[in-house]
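Structure first, then comments.
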Amino acid sequence: MKGLIRCFGSIKGVRLSWCFTARKMQCGQRRLSIKSNTVPPILSVAPIRGLVDEKFKVLVENLPPAFPITIYSLHQSEDQNYWEAYGHYMSDHRGIVCVSEDMSFGGTYRGKEPMGLLWSMRPLPGSRKGLRLRKIDVEIPMLVNISVYSGHEGFREQVPLASALTERWHKAPGVRRIDLTEKGVQGTLLIPPGPGPFPGVLDIWGAGGGLLEYRAALLASHGYAALALENLTLTDLQTEDPKLNYFEKAFDVLKNHPQVIPDRVGVLGLSLGSIVIFYLMAESPTFKPCCCVSVSGSHSYSRDKTLKGIYKELASKFHKLRLDENNYQVWRDVGLEILKDPTNKVDVGKIECPLLLINAIDDQNWPTTEFAKHMAQMIRAAGKEHLLTIVDYPDSGHLIEPPFSPHFRATKFIVNSSTEKAILLWGGQPKPHSDAQEDSWRKILSFLKQHLYGSPHKML
């Protein structure tokens, strides 16, 4: 594969490569024409540009009837790794293959999967272990080349019969991106197009740390002023004692922004982000969102009521950490041990706003479904069961991302102050995990619309 890659072009410094030349493609088309006595195949993708959570339609026409083809997608990530997906198809009696309607008989996905060319992406053979595909710069699109090859076997050694370059965006046209540094808060505010003001969402990620904007950009594309907050890592928690008022300040900054409706602000947290959110909603006099979405979260907390204490609590249970057959770290048992201790739980019965808890049943990083059951008991005992919605997804893993993101069963992760990275097992299987991502995103948007826009909207 390496010897076939040639530079295809670039957008804002993101180089995209492809494994053919126009001359070779014409030769491949000519061979098909001679063999089948038809005009070269036509590949179309609609829309050619769209949001990452928007489905596209891939259509191949002008094929011979009952003709085997492979439809292949290739993406070069911003960290210069290549990701691929492909499906094997047979044309119908009209010489047409429609990915949205036809069955894939093999490849990285099977069956009728309109977006299989995205969600089943995986690193090219020979790539480094533990890779994770994430959008870094939301100002540029995710570029995906989609190509058609003759046959099912050995297609990598062929030249494509047709190709199309698509753009998948996290940020819709007109969404404004503002670097935010105020009251010690570091983050990025993404504001929808139009005069505003808009409902707001504070977006807090997990223990991977850093500033991730792609989910907030997608929320802004759906009408919410979203603040992506620069977050902490587990390494930070070992060496520093960050204050909880950092998150209170972030909520206050978002609520008081002129483009935000102050009494219509929600929060969305993933993993460690959810732990922080639950504590603040229960204990802080100022952190009072209209609603909360928790993805793969829990209500565990430290006895000393500090963020640094969270790491100490984890470290005290690290003897329960185990390795699987691939030498991947499994943290689930650490969480189960913490769950047994009643002294380090947030009293979620104090929370007054609607909660949506999204969990993966095959989460191997944290026992989120068990924590959710315990939270439900506490909320029920407080007489607030009407505020709680729990959605559990079978055979899905910890990293529930926006729709059509690839599934990552295990990836590299910094777990201590050294530069060495371990590989953590997150869990899940590609197809059910993809279904969970698509369905949960639909439920998240429905939940936010109901509670922030004030429009009654039945959960889908």
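Under the working numbering, think of the first position of the sequence shown as 952, with each following residue one higher. Glycine included, C-beta positions come from ideal geometry on N, C-alpha and C.
Are the CB atoms of P1383 and S1347 nearer to each other than 9 Å? For the purposes of this step, residue 1383 is taken as the residue at position 432 of the sequence shown. For the purposes of this step, residue 1347 is taken as the residue at position 396 of the sequence shown. The Cβ-Cβ distance between P1383 and S1347 falls below 9 Å.
Would you check if there are 3 or more beta carbon pairs closer than 8 Å linking the segment 995-1014 to the segment 1048-1063? Yes, the segment 995-1014 touches the segment 1048-1063.
In chain order, which beta strand (DSSP E) runs of at least 3 residues are fully inside the segment 1025-1083? With a minimum length of 3 residues, the continuous beta strand (DSSP E) runs that stay inside the segment 1025-1083 are 1033-1041.
Three-state secondary structure (DSSP) at K1134? Reading the sequence shown from its first residue, position 183 is the one you call residue 1134. Coil.
First and last residue of the uninterrupted beta strand (DSSP E) at D1214: Position 263 of the sequence shown holds residue 1214. Counting along the chain, D1214 sits inside the beta strand (DSSP E) bounded by residues 1211-1221.
Beta-carbon proximity check, R1127 vs K1363, cutoff 9 Å: As a working mapping, residue 1127 is identified with position 176 in the sequence shown. As a working mapping, residue 1363 is identified with position 412 in the sequence shown. Contact: no.
With hydrogens ignored, establish whether the beta-carbon of D1214 is closer than 8 Å to any heavy atom of the ligand HEM. The model on display carries no ligand, and the ligand HEM is accordingly not part of it.
Please report the straight-line C-alpha distance between K1063 and E1389, rounded to a whole angstrom. Taking the sequence shown and counting its residues from 1, one reaches residue 1063 at position 112. Taking the sequence shown and counting its residues from 1, one reaches residue 1389 at position 438. The alpha-carbon atoms of K1063 and E1389 are separated by roughly 15 Å.
Comparing C-alpha positions only, which one of I1309, A1361, I1087 sits nearest to I1341? Counting from 1 along the sequence shown, the entry for residue 1341 is found at position 390. Per the Cα distances, I1309.
CA-to-CA distance, K1296 to A1177, given in whole angstroms: By 1-based counting over the sequence shown, the position of residue 1177 is 226. By 1-based counting over the sequence shown, the position of residue 1296 is 345. Their Cα atoms are separated by approximately 29 Å.
Helix, strand or coil for A1311? Go by DSSP, reduced to three states. For the purposes of this step, residue 1311 is taken as the residue at position 360 of the sequence shown. A1311: strand per DSSP, three-state reduction.
Would a C-beta distance cut-off of 9 Å place G1224 and G1248 closer than the cut-off? If you number the sequence shown from 1, residue 1224 lands on position 273. If you number the sequence shown from 1, residue 1248 lands on position 297. For G1224 and G1248, yes; Cβs fall inside 9 Å.
So, does the segment 1232-1247 touch the segment 1162-1171, judging by three or more C-beta pairs under 8 Å? No, they do not touch.
Who pairs with V1099 in a beta bridge, going by DSSP? By 1-based counting over the sequence shown, the position of residue 1099 is 148. Answer is I1022, A1113.
Helix, strand or coil for W1156? Go by DSSP, reduced to three states. Here residue 1156 refers to the residue found at position 205 of the sequence shown. Looking at W1156 - three-state DSSP - the assignment turns out to be coil, as it is neither helix nor strand.
Hey, would you say V1095 sits closer than 9 Å to L1112, going by beta carbons? As a working note, residue 1095 is residue 144 in the sequence shown. As a working note, residue 1112 is residue 161 in the sequence shown. Taking C-beta atoms as the reference points, V1095 and L1112 fail to come closer than 9 Å.
For I1097 versus G1151, is the C-beta spacing smaller than 9 Å? To locate residue 1097, count along the sequence shown from 1; it is residue 146. To locate residue 1151, count along the sequence shown from 1; it is residue 200. Going by C-beta atoms, I1097 is not nearer than 9 Å to G1151.
Limits of the alpha helix (DSSP H) - the one that V1204 falls within: Translated into positions along the sequence shown, residue 1204 becomes position 253. Residues 1196-1206.
DSSP state of A1123, grouped into three classes? Taking the sequence shown and counting its residues from 1, the one referred to as residue 1123 is at position 172. The three-state secondary structure of A1123, taken from DSSP, is coil.
Compute the distance between the beta-carbons of A1361 and L1375, then report whether it is under 9 Å. Numbered from 1 along the sequence shown, position 410 holds the residue referred to as residue 1361. Numbered from 1 along the sequence shown, position 424 holds the residue referred to as residue 1375. Yes, the pair counts as a contact, with Cβ atoms nearer than the cut-off.
With the cut-off set at 9 Å, would you say H1402 and G1157 are in Cβ contact? In the sequence shown, counting from the first residue as 1, residue 1402 sits at position 451. In the sequence shown, counting from the first residue as 1, residue 1157 sits at position 206. Pairing H1402 with G1157 gives a Cβ-Cβ distance that is not under 9 Å.
What does DSSP give as the partner residue(s) for F1355 in the beta ladder? Here residue 1355 is taken as the residue at index 404 of the sequence shown, counted from 1. Per DSSP, none; premise fails for F1355.
In whole angstroms, what separates the C-alpha of G1161 from that of F1359? By 1-based counting over the sequence shown, the position of residue 1161 is 210. By 1-based counting over the sequence shown, the position of residue 1359 is 408. Near 19 Å, if we compare the C-alpha coordinates of F1359 and G1161.
Roughly how many whole angstroms lie between the Cα atoms of I1142 and D1030? On the sequence shown, position 191 is the one that residue 1142 refers to. On the sequence shown, position 79 is the one that residue 1030 refers to. In a straight line, the C-alpha of I1142 is about 27 Å away from that of D1030.
Residues bridged to V1342 [DSSP beta-bridge criterion]: On the sequence shown, position 391 is the one that residue 1342 refers to. I1309, per the DSSP bridge assignment.
Residues that N1182 bridges to, as DSSP identifies them: Translated into positions along the sequence shown, residue 1182 becomes position 231. Its beta-bridge partners are G1161.
From the DSSP output, in three-state form, read off V1227 for me. The count along the sequence shown starts at 1 and reaches residue 1227 at position 276. Of the three classes helix, strand and coil, the one that applies to V1227 here is helix, per DSSP.
Measure from the alpha carbon of I1419 to the alpha carbon of each residue in F1269, E1276, H1208, then state which is nearest. Because the chain in this structure spans residues 952 to 1411, residue 1419 falls outside the shown range and cannot be described.
Closest residue to Q1380 among L1131, P1345, P1092 (Cα-Cα distance): On the sequence shown, position 429 is the one that residue 1380 refers to. Of the listed residues, the one whose Cα sits closest to Q1380 is P1345.
Which one or two residues does DSSP pair with A1176 in a beta bridge? What you label residue 1176 is simply residue 225 of the sequence shown in a count that begins at 1. G1151.
Take E1352 as the anchor and find which of H1026, S1397, A1311 has the nearest alpha-carbon. On the sequence shown, residue 1352 is found 401 positions in, with the first residue counted as 1. Cα-wise, what sits closest to E1352 is A1311.
Using the C-alpha atoms, what's the distance from S1385 back to L1290? Your numbering for residue 1290 matches position 339 in the sequence shown. Your numbering for residue 1385 matches position 434 in the sequence shown. Taking the straight line from one Cα to the other gives about 28 Å.
Here's a check: name, in chain order, each residue in its chain whose Cβ is nearer than 6 Å to the Cβ of P1354, leaving out the five neighbours to either side. Here residue 1354 corresponds to residue number 403 of the sequence shown, with the count starting at 1. Shown here for P1354: same chain residues with a beta carbon closer than 6 Å to its own, the five before and five after excluded, namely D1004, Q1388, E1389, W1392 in chain order.
Which two residues bound the contiguous alpha helix (DSSP H) that contains E1288? The count along the sequence shown starts at 1 and reaches residue 1288 at position 337. Run containing E1288: 1283-1290, per the alpha helix (DSSP H) assignment.
Is DSSP giving V1246 helix, strand or coil here? For this step, residue 1246 is matched to residue 295 along the sequence shown. If DSSP states are grouped into helix, strand and coil, V1246 belongs with the strands.
Among G1147, G1105, E1104, T1132, which has the Cα closest to the Cα of G1125? As a working mapping, residue 1125 is identified with position 174 in the sequence shown. Closest by alpha carbon: G1147.
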